[in-house]
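In terms of the working numbering, the sequence shown opens at residue 108 and continues consecutively.
Ideal Cβ positions, reconstructed from N, Cα and C, are used throughout, including at glycine.
Here is the structure we will look at, set down as structure tokens.
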Amino acid sequence: MIPAFPPLRVARSSHPDYAPARTRAVTVAGVEVGGGAPVVIAGPCTVESRAQTLAIARACRAAGARMLRGGAFKPRTSPYSFQGLGREGLEILAEARAETGLPIVTEVLDPRLVSLVASFADVLQVGSRSMQNFPLLTEVGRAGKPVLLKRGFGATLEEWVYAAEYVALGGCLEIIFCERGIRTFANGEYDRATLDVAAVRALRGLTPFPVIIDPSHAAGDAGLVPDLAAAALSLGVDGLLIEVVEAGADRRRVKCDGEQGIEPGELAAIVARAGSEADLRRAPLTPANAAP
Ligand code: PEP
Ligand code: MN
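Here it is, written out as structure tokens:
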């Protein structure tokens, strides 16, 4: 599927020192993604206010999340929807990091704003809608920060891998792939996007970089998130990216993706499950599921 020539920087074939099943871990402020234990990254969809973000960041920290997510620049379908707080949102995230110690994952939408966002972020997120914004990919690759590359909701694996190659060409080999669901005929009926679980295995065969799953944007509904998260963990993913709302929040008042944010108590349950999964991976129960 991916042609052998030219050899891609992001392909396993370009990393002969990596055995077929090994992952090239990405370390973010001491948190290792791809080191064996699944990492839970959690936070609000969008930074809406200082109070909301700090409250959710504290709750995520208490629930055991290892990184904080939150959008300051939001890709919105309608230009009339809330677009994020911009720079002020980045400053709020930095304050949340200072208080909780959690590194920040935040999206950059505009190639002109990469250096601004990179001056705050620990990980630059490229969103699903931007996966084939080639000037953005190149700029993000030059920024000197790890990159979380979401799959375009209409992208093939090949397109996704080539998007990562643009990032790598900029000089960045700290790439985390994130599957977040694709559009299929069923969308809207019982999920927001179809979580492409088979893609995880295929992608792992192609690239040595960590692969995580975002169950929130695939689910579109908080009730479905724990099941998709559990399915993701059982696939052996390197992490989860999860949206969280404040406990008891009025979802209708959340400015973006309120329906799909889980409460901190549910996040704690997912973190516990990720911990059990890490134990399983360290000490497989039977020779049959031992790592090769
Ligand atoms: C997000 O993470 O808030 C987001 C906008 O996700 P996606 O790009 O996957 O839709
Ligand atoms: Mn969102």
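Exercise. Taking any heavy atom of the ligand MN as the mark, which residues have a C-beta closer than 5 Å to it, listed down the chain?
Worked result: Cys152 and Asp364
Exercise. Quick one, are the C-beta atoms of proline 371 and alanine 354 less than 7 Å apart?
Worked result: yes
Exercise. Where does glutamine 367 fall in DSSP's three states?
Worked result: helix
For this session: Would you check if the segment 358-370 and the segment 118-125 touch, i.e. whether three or more CB-CB distances between them fall below 8 Å?
Result: no
Exercise. What residue range is occupied by the uninterrupted alpha helix (DSSP H) comprising valine 332?
Worked result: 332-341
Problem set entry | For leucine 216, the three-state DSSP class (helix, strand or coil) | coil
Exercise. In terms of DSSP beta bridges, what is glutamate 72 paired with?
Worked result: Outside the shown range of the chain, which is 108 to 399, sits residue 72, and nothing can be said about it.
Exercise. Starting from alanine 400 and walking both ways along the beta strand (DSSP E), at which residues does that stretch end?
Worked result: Residue 400 is absent from the structure shown; the chain starts at 108 and stops at 399.
Exercise. Does the ligand PEP have even one heavy atom less than 6 Å from the beta-carbon of alanine 343?
Worked result: In the sequence as displayed, the identity of residue 343 is glycine instead of alanine. No, Cβ of glycine 343 sits at least 6 Å from all heavy atoms of the ligand PEP.
Exercise. Using DSSP with H/G/I as helix, E/B as strand and the rest coil, what is arginine 176?
Worked result: strand
Exercise. What's the C-alpha gap between arginine 219 and alanine 250?
Worked result: 12 Å
Exercise. Quick one: what does DSSP say leucine 374 is sitting in, helix, strand or coil?
Worked result: helix
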